[in-house]
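**Student:** Residue numbering for the sequence shown follows full-length UniProt numbering, beginning at 1 and increasing consecutively.
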Amino acid sequence: SIITTRNKRRDDINSMGEAQFSYLSGEALTKLCSLDICIDSQKAKKFLPASIQAAVWKLSPADTDHIPGLLKLCRGLPILIKRNLRIGSGVTNGAEGTGVSWTMTEHPHFQGMQVANVIYAKLIGKYSDVVFDEILGPGIVPLVPVENYITVNVPNFGKIRILRHMHQILPNFAMSDFASQGKGRKFNIFWGEQIDRVQSLYTMASRSTDPSTTAIL
C-alpha cells in the first residue's frame, strides 16, 4: 500500500490498483453499492432520485467521509478497515486484510444494483492465525454495514444530507499518512508529491522497519 498525503490521490491509486489486481488474479470484481436515504429539511426519509443517486455514487470516498458509495471486491483483494468494529478481535480502524467472500441482495429501489450484507475478510498481522469462529477459519471475520449521517456536495445538485448504510472499508493499494500512523512496514513506499508538512514526511518515512526497503515515488 502506497502512503500519500492526499485522500484524492489515495482514491485514484486504489481505483487503478483494484482494476490491475482483478486483471492479474483473474478474479472478477463485484460492484457493491451503499444504501442511501435522503434526509430533507422536514426530516422525511426517502430514496434519492435516480439521477442524483448516480452522481452520489460517483463521488470518491475522500468526498464522503471515507465511506464509499461503491465498493468493488474480489477474492484476495487487499482491504483497509476504516472503523473500530471489534477492538478485542483486531477489527479496528486501520486494520488490514483481504476479501474472502460476501453475501448480497438487490437494492430495494434501484434494479441491477447490489447491496452487501456481510463481507468476510481475512485479517493480516498478529490476528491472522486467531480463530474467531471455527466455521470461518483462522483470521477470518465478518464485517457488517454501519449507518452514518454524512453531507455530500454533488456536482449540479449542491449539498445533500444523507443517511448512508455501508461497510466502512476501502481497497488497500494506498492509504493516507494519517492512516499509516503506528504501522511498521517491511516495504515502505510513499508518494513524494504535495508534502506540505514536515510531520507528514516524518510519518511516511518512519513507517519503514528497514531503510533499504523504503522507496519515494
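Built from N, CA and C at the ideal position, the CB exists for glycine as well. Given the structure is predicted, the values throughout are model-derived calculations rather than measurements.
With a Cβ-Cβ cutoff of 9 Å, do cysteine 38 and arginine 161 count as a contact?
**Tutor:** Taking 9 Å as the Cβ cut-off, cysteine 38 and arginine 161 qualify as a contacting pair.
**Student:** Buried or exposed, going by whether 16 or more other CB atoms sit within 10 Å of the CB of methionine 166?
**Tutor:** By the neighbour-count rule (16 or more Cβ atoms within 10 Å), methionine 166 is buried.
**Student:** Whose C-alpha, out of Phe190, Pro78, Asp196, is nearest the C-alpha of glycine 125?
**Tutor:** Checked all of Phe190, Pro78, Asp196; the closest Cα to glycine 125 is Pro78.
**Student:** Given a threshold of 16 other Cβ atoms within 10 Å of its Cβ, counted over all protein chains shown, does proline 171 qualify as buried or as exposed?
**Tutor:** Buried, since its Cβ has 16 or more Cβ neighbours within 10 Å.
**Student:** Could you tell me the distance, in whole angstroms, from the CA atom of residue 236 to the CA atom of asparagine 188?
**Tutor:** Because the chain is modelled from 1 through 217, residue 236 falls outside the range shown and cannot be assessed.
**Student:** Let me confirm a value: valine 56 is counted as buried when at least 16 other C-beta atoms fall within 10 Å, else exposed. Which label applies?
**Tutor:** It is buried - the Cβ of valine 56 has at least 16 other Cβ atoms within 10 Å.
**Student:** Which value, in whole angstroms, describes the spacing of the CA atoms of leucine 70 and lysine 31?
**Tutor:** Rounded to whole angstroms, leucine 70 to lysine 31 spans 7 Å at the Cα level.
**Student:** Please look up how many angstroms separate the CB atoms of alanine 116 and valine 141, rounded, as I've assumed it's under 8 Å.
**Tutor:** Alanine 116 to valine 141, Cβ: 15 Å. No contact.
**Student:** What did DSSP end up calling alanine 95 once you bin it into helix, strand or coil?
**Tutor:** Of the three classes helix, strand and coil, the one that applies to alanine 95 here is coil, per DSSP.
**Student:** Helix, strand or coil for methionine 204 per DSSP?
**Tutor:** Correct three-state label for methionine 204: helix.
**Student:** Touching or not, the segment 86-102 and the segment 132-146, by the rule of three or more beta carbon pairs under 8 Å?
**Tutor:** The segment 86-102 vs the segment 132-146: in contact.
**Student:** Can you list the beta strand (DSSP E) stretches of 3 or more residues lying completely in the segment 10-94, in chain order?
**Tutor:** Entirely contained in the segment 10-94, the beta strand (DSSP E) runs reaching 3 residues are, in chain order, 30-33, 35-39, 45-47, 70-73, 78-81.
**Student:** Look at arginine 10 and serine 176 and say whether their C-beta atoms are less than 9 Å apart.
**Tutor:** Yes, Cβ-Cβ distance for arginine 10 and serine 176 is below 9 Å.
**Student:** Please classify arginine 164 as buried or exposed, where buried requires at least 16 neighbouring CB atoms within 10 angstroms.
**Tutor:** Buried, since its Cβ has 16 or more Cβ neighbours within 10 Å.
**Student:** Rounded C-beta distance between leucine 59 and valine 152? I'm assuming under 8 Å.
**Tutor:** With 8 Å as the limit, leucine 59 and valine 152 qualify as a contact, their Cβ atoms being about 6 Å apart.
**Student:** Return the first residue and the last residue of the beta strand (DSSP E) that serine 176 is part of.
**Tutor:** Start and end: 174-176.
**Student:** Rank Glu193, Thr64, Gly88 by C-alpha distance to the C-alpha of alanine 154 and give the top, closest one.
**Tutor:** Before going further, note that residue 154 is valine rather than alanine in the sequence given. Of the listed residues, the one whose Cα sits closest to valine 154 is Thr64.
**Student:** Would you kindly check if the distance between the Cβ of alanine 174 and the Cβ of isoleucine 13 is under 9 Å?
**Tutor:** Yes, they are a contact pair.
**Student:** Please classify arginine 197 as buried or exposed, where buried requires at least 16 other C-beta atoms within 10 Å of its C-beta.
**Tutor:** Exposed: under 16 other Cβ atoms inside 10 Å.
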